[in-house]
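Student:
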Amino acid sequence: MLDQPLLTVILPAYNEAEVIGEVIAEIRSVMTCRIIVIDDGSKDATSACAREHGVSVIRHLLNRGAGAACMTGIGLARKMNWQRIAFLDADGQHVAADLLVLLACMEETGADLVIGSRFMNGGNTIPRIRRFFNSVANLLTNTFCKNSYSDTQSGFRLLNRHAIESIDLHQDDFSYCSEMIVQAEQLDLKIEECPISVRYTAYSMSKGQDFQVGVMTAFHFLWKLIFK
Amino acid sequence: MMEIRIFQWLVPILALLFLISQLLRYYRGRIDLRETVSGILLWLSLAALAIFPDAISNAIAQVLGFKSNTNAVLFFAMGLLFYFQYRLYHIQVRQRRQLTQLTRALALQEFLKEEEI
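Chains H and P, in that order, are what the protein sequence lines are.
Residue numbers for the first sequence follow this note's numbering, so the first one is 1 and each next one is one higher.
Residue numbers for the second sequence follow this note's numbering, so the first one is 229 and each next one is one higher.
1) Output needed for Gly-41(H): all residues of its chain with C-beta closer than 6 Å, excluding positions within five of it in sequence on either side, in chain order.
2) Report all residues from its chain with a CB closer than 7 Å to the CB of Asp-3(H); omit the five preceding and five following residues, and keep chain order.
3) Shorter than 8 Å from the beta carbon of Gln-326(P) to some beta carbon of chain H?
4) May I ask you to report which of helix, strand or coil DSSP gives His-170(H)?
5) Taking beta-carbon pairs under 8 Å, can you tell me which members of the segment 153 to 186 of chain H lie near chain P?
6) DSSP beta-bridge partners for Leu-159(H)?
7) In the structure shown, what three-state DSSP assignment does Leu-7(H) receive?
8) To the nearest angstrom, how far is the alpha carbon of Phe-119(H) from that of Pro-127(H)?
9) Name the DSSP beta bridge partners of His-94(H), please?
10) Measure the alpha-carbon distance for Val-145(H) versus Glu-185(H) and round it to whole angstroms.
11) Going by DSSP, what residues sit across from Pro-12(H) in a beta bridge?
12) Is the Cβ-Cβ distance between Ala-66(H) and Val-23(H) less than 8 Å?
13) Among all the DSSP beta bridges, which residues are the ones paired with Ser-56(H)?
14) With 16 other CB atoms within 10 Å as the buried threshold, where does Gln-290(P) fall?
15) Could you please give me the residues that DSSP links to Glu-192(H) through a beta bridge?
16) For Asp-98(H), does the count of other Cβ atoms within 10 angstroms reach 16, so buried, or fall short, so exposed?
17) Under three-state DSSP, which class holds Met-106(H)?
18) Using a Cβ-Cβ cut-off of less than 8 Å, give me the residues of the segment 68 to 91 of chain H that come near chain P, in sequence order.
19) If you reduce the DSSP assignment to three classes, tell me which class Ala-19(H) lands in.
20) Establish whether the CB of Arg-118(H) and some CB of chain P are separated by less than 8 Å.
21) So, does the segment 158 to 171 of chain H touch the segment 238 to 250 of chain P, judging by three or more C-beta pairs under 8 Å?
22) Given a threshold of 16 other Cβ atoms within 10 Å of its Cβ, counted over all protein chains shown, does Gly-214(H) qualify as buried or as exposed?
23) Suppose you measure from the CA of Asn-138(H) to the CA of Met-180(H); what does that come to, to the nearest Å?
24) Who are the neighbours of Leu-336(P) on chain H, taking C-beta pairs under 9 Å?
25) Cβ of Phe-339(P) less than 8 Å from any chain H Cβ?
26) Pull up the distance between the alpha-carbon of Gln-171(H) and that of Gln-236(P), whole angstroms please.
27) Is DSSP giving Asp-260(P) helix, strand or coil here?
28) Would you say Thr-331(P) reaches chain H, if we count a Cβ-Cβ gap shorter than 8 Å as a contact?
29) Just reading off the alpha helix (DSSP H) that Tyr-254(P) is part of, what are its end residues?
30) So Gln-153(H) is in the alpha helix (DSSP H); what residue range does that whole segment cover?
31) Rounding to the nearest angstrom, what Cα-Cα distance links Asp-188(H) and Leu-113(H) in this structure?
32) Looking only at C-alpha atoms, which of Tyr-314(P), Lys-341(P), Arg-332(P), Met-306(P) sits nearest to Asp-39(H)?
Right, here's the structure in full:
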């Protein structure tokens, strides 16, 4: 049996007022869990929309990036003694039902960190440009890892208490995805990947990383590794 | 007799002023020993380069293998610029991190206060 009530779903969000309500409703339709929105200094009504849907909101006064929001979630989980936390993108890209897949994977394998991989599911239609950026990011990240991962940039992740206590992210931007994997390996945490579904819409495509942000993300990741 | 150009006395005077200021800042406890020593070395080097421009630039050219001392000085200046750029980026990274930590602490504090209520 999955210990569902223990799960806390954290949604790092920046200007997601348009879709955050749907994402929260979808999660609720799948399972009973605690939902927390980390509003990363949004300029729109993200916080208000989330509160309207009855979830707790932590609000960054300034926009600090996806990695910073993610680490705030981990920090909160430590303070509140939560046993398991899952991160989902707040743009509606992920399918909430896959939370059950990640939980089952953690139960079966005893992994400390489970990453939802978009590329392990052959049924996903992923735009070519995204495939290209992700393969470059995978190559870069896997160079610094002992194992090879199929989706190092996935924001769909499940962490157990051991991972919550151990992982300490320093990267504020999207390079936190790679940093978390590299750090988890260095800390000897068990990492597993499992297939997830993904849906790319015009909205979610407008929210991701573009070429310029991707280059800076790679630069920050390398800088931290080299000059830490 | 050797002609003394304006920069040959102006730069050393400015360097001396900055050097004294650097020492005063150290004695007042505003900067640490490392910063003081690196500052003193920088201003002494600039003063020396201004007083003996040809001799020093020729020596740099010889050490680095440049044919012309002008190229050597340009190369050296570019190296210094890169170093300063690196230091500035490093400071920026540190300040970004501090800003994130402050933002996070405030957000968590606010959240926990709300939860108590």
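Here a beta-carbon is modelled for each residue, glycine too, at the ideal position from N, C-alpha and C.
For clarity, every value in this text was computed on a predicted model and none was experimentally measured.
Tutor: Concretely, from the data shown:
1) His-60, Leu-62, Asn-63
2) Residue placement at Asp-3(H) cannot be trusted, given a pLDDT of 44 that sits under 50; the coordinates are not used to answer.
3) no
4) coil
5) His-170, Asp-172
6) Ile-85(H), Leu-113(H)
7) strand
8) 12 Å
9) Val-198(H)
10) According to the sequence provided, residue 145(H) is Cys. The question's Val does not apply to it. Between Cys-145(H) and Glu-185(H), the C-alpha separation is close to 7 Å.
11) Ile-38(H)
12) no
13) Ile-36(H)
14) exposed
15) Val-114(H)
16) buried
17) helix
18) Ala-68, Met-71, Thr-72, Gly-75, Leu-76, Lys-79
19) Checking the displayed sequence, the identity of residue 19(H) turns out to be Val instead of Ala. In the structure shown, Val-19(H) sits in coil (DSSP, three-state: anything other than H, G, I, E or B).
20) no
21) no
22) buried
23) 13 Å
24) Ile-58, Thr-72, Gly-75, Leu-76, Lys-79
25) yes
26) 47 Å
27) coil
28) yes
29) 234 to 255
30) Where Gln-153(H) is concerned, there is no enclosing alpha helix (DSSP H), given that its DSSP letter is neither H nor E.
31) 11 Å
32) Arg-332(P)
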